[in-house]
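J.: Shown below is the structure under consideration.
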Amino acid sequence: MRKPNKVIPKFANEAEERVFWEKHDSSEYLDWTQAQRVVFPNLKPTTKTISLRLPQHLLDSIKAAANSRDVPYQSLIKVWLQEKLHSH
35 MRKPNKVIPK FANEAEERVF WEKHDSSEYL DWTQAQRVVF PNLKPTTKTI SLRLPQHLLD
95 SIKAAANSRD VPYQSLIKVW LQEKLHSH
């Protein structure tokens with residue numbers, strides 16, 4: 035087991051800490067052989083509610099497509115938006 039030989043400095047804020055870790059190797063400060071895996075079962079992604087106005091015929095078509103895939107239409111819209119973003 036290797037003992038870390040450097041002391042982690044105190045940071046004024048998260049931005050300062052982020053800059054520090056972007057430029058330094060954490061293995062010089064932490065003994066990763068002592069690390070333990072953890073699980074965060076209640077962690078949920080942050081979402082924001084928005085209002086989106088769609089023509090009724092478009093919404094009906096989206097709902098039909100979602101129904102044929104057996105998924106909620108809002109979830110299908112999110113999948114389609116994500117796919118479109120990654121295709122560009």
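Residue numbers (our numbering): 35 to 122.
Ideal Cβ positions, reconstructed from N, Cα and C, are used throughout, including at glycine.
Bear in mind the structure is a predicted one, so any value in this text is a computation, not a measurement.
Is Gln70 helix, strand or coil when you go by DSSP?
T.: Here Gln70 sits in coil by DSSP.
J.: Taking the continuous alpha helix (DSSP H) assigned at Asn101, which residues delimit it?
T.: Per DSSP, Asn101 belongs to the alpha helix (DSSP H) from Gln90 to Arg103.
J.: For Lys97, which residues of its own chain have a beta-carbon under 7 angstroms away from its beta-carbon, when the five flanking residues on both sides are left out?
T.: So the qualifying residues of the chain are Tyr107.
J.: Secondary structure at Lys57, three-state DSSP: helix, strand or coil?
T.: In the structure shown, Lys57 sits in a helix (DSSP, three-state: H, G or I).
J.: Closest by CA to Thr81, which one among Pro75, Val73 and Lys112?
T.: Of Pro75, Val73 and Lys112, the residue nearest in Cα terms is Lys112.
J.: State the DSSP-derived secondary structure class of Leu64, mapped to helix, strand or coil.
T.: Coil, per DSSP.
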